[in-house]
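See structure below.
Residue numbers (full-length UniProt numbering), protein chains in the order written: chain A, 1 to 310; chain B, 1 to 310; chain C, 1 to 310; chain D, 1 to 310.
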């Protein structure tokens, strides 16, 4: 394990056999018995760690964002393309959520016809200290960016951000909520309400409106309590409650694929596309109006839609 | 209009043209222009009023219970059978409720196969003063008695009443809630939770479990408010909210049928059967165990199941 | 009654006492006993009929759109303002729907804080012959235009229309669905999915997202049938099913208010504002981008927000 | 591992280090490194295996039924009581289900007042070959028997079984569905619809009706698809879908407790009580009427309600 904070790292691995602790990525990757790499450091540290793993041919599970700026993300794509084989899985955990997977299977099955619109809601009870207006787009909405690309199997080509008067429940100066609109390369529309200081719950919903039907996920119903003139359902307060199983499956899918010598899940191209769209989104937030997304040509390694569609 | 309380009656009809007020039923029925009779007096007064209407050949809409005791109810059935034509519609308003009608149509359509069980819930916020343990059966559950007979097109043949420890929210001495079980002449089962001091809402639900599917009504969803960690739906506090439209349709159906010279809705036989089953229910409540329902032979006037089924 | 088709009109009023049939508005309004006017003719005929009613000082219930073009609508506003008293109620029936009224009461009550966004869905199974792309905005969305103004008590100040690739289920050439965005004079956002050939149901939903909670209406739950591995709820196919009671209440509210010598419901100003916003919406649809709404100054007769807020 | 079918057992453990396969329980328990025992053999083999584990002082996770006949189950209780410490956890997995645990916490919290009734539904798509009418009670309903004792913290004191006309979807001769009623030592009522050939889904629901409110679980809402005039939700077809996580937690809770030198979950007393109640239920099914449950005195080892309540 590599962590600049050696003491915390030692505490985390206490009792696990065969684990050594390092402050340096290179030293950690060179330790005996290292067969794969999980990168969970802050985003700006990802590029170096990914390139180090590539140099040793090690499979990597990298937390999102792959690399925050699209320039760095493109360098990763190009480096992996030069290797000629995929080593990278990006940690977009919604692809591993049971509800999202059912929605994906339904859309891919084609019974509802072509998807026309996705209506998305992304609400948090409150934002952590230091959360900026840009982070609503490039951190919160980045989940919807990947989910939309994956669900639709389409690239996002333009983004518009609307800024209603901020909620008095948001910290001063934070543009919260925002309403983000994406257009796709096949004419679909994706809208996202992002509201990270809504105060009342963690709610992630998605409705796909198609030519012959609509489908929606995210209406959790568990315990319904009726008392005092009202039926009441608890709403999750935290993403860990909603997505705990998805995180587990994400890591398990990576471990399983790695053992088979394969790579699954979101690719480095997906990580790059998410960064490029998020960057365009931040520009749209700051300057108003519609901002087109310009993606570099897709290397042959990611040529098929399979990476997007799976 | 006939009412022992003349002042109240006069107030009620103030401003309506062509309405005269009487304290005496006979006088009221004999007033010029009376073409039909609506009986909304307390149950014990119904028998006399019904017979008076029969004597004049006037169609009647009679509030439930038709006649509280089954002996009196049978006299009405026999009197109408002697007339040789139906004049009576009993005011079981659930037969006119949109949800119940959809359930009825579904069951009659046969797509779900034979009904095996009905699970019913009947809850009131609180009971009025003077409400007795027997009234939970012969007043509250009488709605389910008629609804079950009508939905299933079957007669109820036995009843068992279970008495859990009463709620501390019920008036002292009132056996509330009760759990009432009916068996039918074709082997179906009907269970009813009746809880008239539940404190939290007016809730009427019915789930029909059939050979190839189940169907349920009564889960009203209107305004959902999410705040403070919970999604909250108001629950109706009053039967008028839930069944207002059914009452309107009941009276309208009677007026329309009367104009066409027809009688529709629940018949005197339905009124009699409800009284007989309720009487057996009260015996089951008082003596414990299962009590069989003994119905008189059904007169030819009510020979088909049409009256039950429609 | 005035109708250019005398035969149809005579059929409609057959059996109603004291009703005469005319082909000419003036003649109809001048008939003895006319105390109020209900205008249900096509939109282009409204202006003349409204001015004729004003000339006689008769209260009017006018179907929406009050006058299709905002110029004509403004002439009505000015004419009524010159009269110095309100005679006009516009037939926006959602203001009379039980669910909308509960949502309005909740928002006005203030417990959820300031409304930030309204997310609206407006779907029809199919559009009638001759329905144009512009009519999605100025006929279908006009309901949301009025509902949003009324629910929020705010004017709409700008509109943007997004046009996803049309559904293959829509008639050739029809831009269906559309996604319409409104901004308000106090910084709220209103988005409307309008999809008039969705094929699967008539669905009208509204979610209000506020500073301290959200509230939504339009999730009708009635009969739930579980069979063959799925729980299934019928979805209404027609606006008459969803809004039948609202239409009744609208007319009743008008009759009651007229009897009291009052005017209630949506005003001529509301009718004008709806036309002006719809016109801007059609321009936004045709030319792309954001179009500002320019309203004439509000006459003193409509000075308070009461007309909007009621 | 002990299994009479050595080949299958060898296949099951292939690739797991330090696992030896035996046909004989004694030999397996005596193998080096055995620290705990998981019994997943058919019920009749449990008694011998439990006693063998007791003889070696090994903690045991025993699948339900602990011992099918209450006589044998009581021998286990007495043997463990003689040991003077708990070694046994019974595999009632619902105690580990997230929804049941929330319901339990709510009832224990007391905000809804005393529980008066539990309404339970237990439906399977179809029963396996050889399933008998008695097994509806002693295999299927045994889950509700334990869940009711645990949720209420009360013993079940009497049972009545009602037998509607069997569904034509059930194998010939099988009394399916059944309606089972339990009374408790503090006057609560528990009713269970058990229907193991319902054909349409695996549905496990529970509604607790209390003095000041009701609470229900089991209304799974995940993907809602609206198409062709109906909103449709898939219903799970299999208990593994519904309770997969509960099974995992059950085993994990046992492993964790065992590592801490503790025993958690359902006790041998719970296993005995379940067998005794199920036996009374089968008598009630076969002979009709109400059958009282006679439990042996509870040994001090299980003296507190903690085992029931936790």
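Glycine residues also receive a C-beta, built at the ideal position from the N, C-alpha and C atoms.
These numbers were taken from a predicted model, which means no experiment stands behind them.
Alpha helix (DSSP H) segment containing residue i, residue limits
i                      : result
residue 142 of chain C : 142 to 152
residue 25 of chain C  : 25 to 30
residue 109 of chain B : 98 to 109
residue 38 of chain C  : Note, residue 38 of chain C: premise wrong, no alpha helix (DSSP H); beta strand (DSSP E) at 37 to 39.
residue 54 of chain A  : 46 to 55
residue 70 of chain D  : 70 to 83
residue 215 of chain C : Segment 214 to 217 is the beta strand (DSSP E) holding residue 215 of chain C; no alpha helix (DSSP H) there.
residue 12 of chain D  : 6 to 13
Range covered by the beta strand (DSSP E) that runs through residue i
i                      : result
residue 181 of chain B : 178 to 184
residue 91 of chain B  : 88 to 91
residue 235 of chain A : Premise fails: residue 235 of chain A is in no beta strand (DSSP E) and is neither H nor E.
residue 158 of chain A : 156 to 162
residue 137 of chain D : Residue 137 of chain D -> no beta strand (DSSP E), and no H or E assigned at all.
residue 211 of chain B : Taken as a continuous stretch (DSSP letters only), residue 211 of chain B belongs to no beta strand (DSSP E), as it is neither H nor E.
residue 117 of chain A : 115 to 123
residue 195 of chain A : 189 to 195
Assigned exposure category for residue i - 16 Cβ within 10 Å defines buried
i                      : result
residue 56 of chain D  : exposed
residue 246 of chain C : buried
residue 25 of chain C  : buried
residue 11 of chain C  : exposed
residue 85 of chain A  : exposed
residue 167 of chain C : buried
residue 308 of chain C : Low per-residue confidence applies at residue 308 of chain C: pLDDT is 40, beneath 50, and the placement is therefore not dependable, though the value from the model is reported in the following sentence. Buried, since its Cβ has 16 or more Cβ neighbours within 10 Å.
residue 267 of chain A : buried
residue 154 of chain C : buried
residue 82 of chain C  : exposed
residue 122 of chain A : buried
residue 106 of chain D : buried
residue 16 of chain A  : exposed
residue 139 of chain C : buried
residue 5 of chain B   : exposed
residue 35 of chain D  : exposed
residue 244 of chain D : exposed
residue 217 of chain B : buried
Presumed contact (8 Å Cβ cut-off) between residue i and residue j, rounded CB distance
i                      : j                      : result
residue 215 of chain D : residue 205 of chain D : With a Cβ gap of about 12 Å, residue 215 of chain D and residue 205 of chain D do not count as contacting.
residue 311 of chain C : residue 137 of chain C : The structure shown has nothing for residue 311 of chain C, since chain C only spans 1 to 310.
residue 92 of chain D  : residue 46 of chain D  : Actually they are not in contact, since the Cβ atoms of residue 92 of chain D and residue 46 of chain D sit about 14 Å apart, beyond 8 Å.
residue 317 of chain A : residue 18 of chain A  : Residue 317 of chain A is absent from the model: chain A starts at 1 and stops at 310.
residue 127 of chain D : residue 196 of chain D : 4 Å
residue 1 of chain A   : residue 9 of chain A   : 5 Å
residue 87 of chain A  : residue 263 of chain A : 6 Å
Residue i: CB within 7 Å of a non-hydrogen atom of the ligand HEM
i                      : result
residue 277 of chain D : Here there are no bound small molecules, and the ligand HEM is not part of this structure.
Closer than 8 Å at the beta carbon, the chain E residues around residue i
i                     : result
residue 18 of chain B : In the structure shown, chain E cannot be found, because the protein chains are A, B, C and D.
(message) My parser needs the beta strand (DSSP E) runs of 3 or more residues fully inside the region 253 to 295 of chain C; what are they?
(response) 290 to 292
(message) Is it the case that the region 286 to 299 of chain A contacts the region 67 to 83 of chain A, given that we only count it when at least three CB pairs across the two stretches are under 8 Å?
(response) Cβ pair count under 8 Å is three or more, so yes.
(message) Count Cβ pairs between the region 266 to 282 of chain D and the region 156 to 164 of chain D that sit closer than 8 Å; are there 3 or more?
(response) The answer is yes - the region 156 to 164 of chain D touches the region 266 to 282 of chain D, with three or more Cβ pairs under 8 Å.
(message) So, does the region 162 to 173 of chain A touch the region 188 to 207 of chain B, judging by three or more C-beta pairs under 8 Å?
(response) no
(message) If contact is defined by three or more beta carbon pairs under 8 Å, each pair taking one atom from either stretch, is the region 113 to 126 of chain C in contact with the region 247 to 265 of chain C?
(response) Cβ pair count under 8 Å is below three, so no.
(message) Can you confirm whether the region 263 to 276 of chain C touches the region 57 to 74 of chain C when touching is taken to mean that 3 or more C-beta pairs between the two stretches lie within less than 8 Å?
(response) yes
(request) Kindly confirm or deny that the region 175 to 193 of chain C and the region 90 to 101 of chain A touch, where touching means at least three C-beta pairs closer than 8 Å. (result) No, the region 175 to 193 of chain C does not touch the region 90 to 101 of chain A.
(request) Evaluate the contact criterion for the region 228 to 238 of chain B versus the region 230 to 243 of chain A: three or more CB pairs, one atom per stretch, below 8 Å. (result) Segments in contact, yes.
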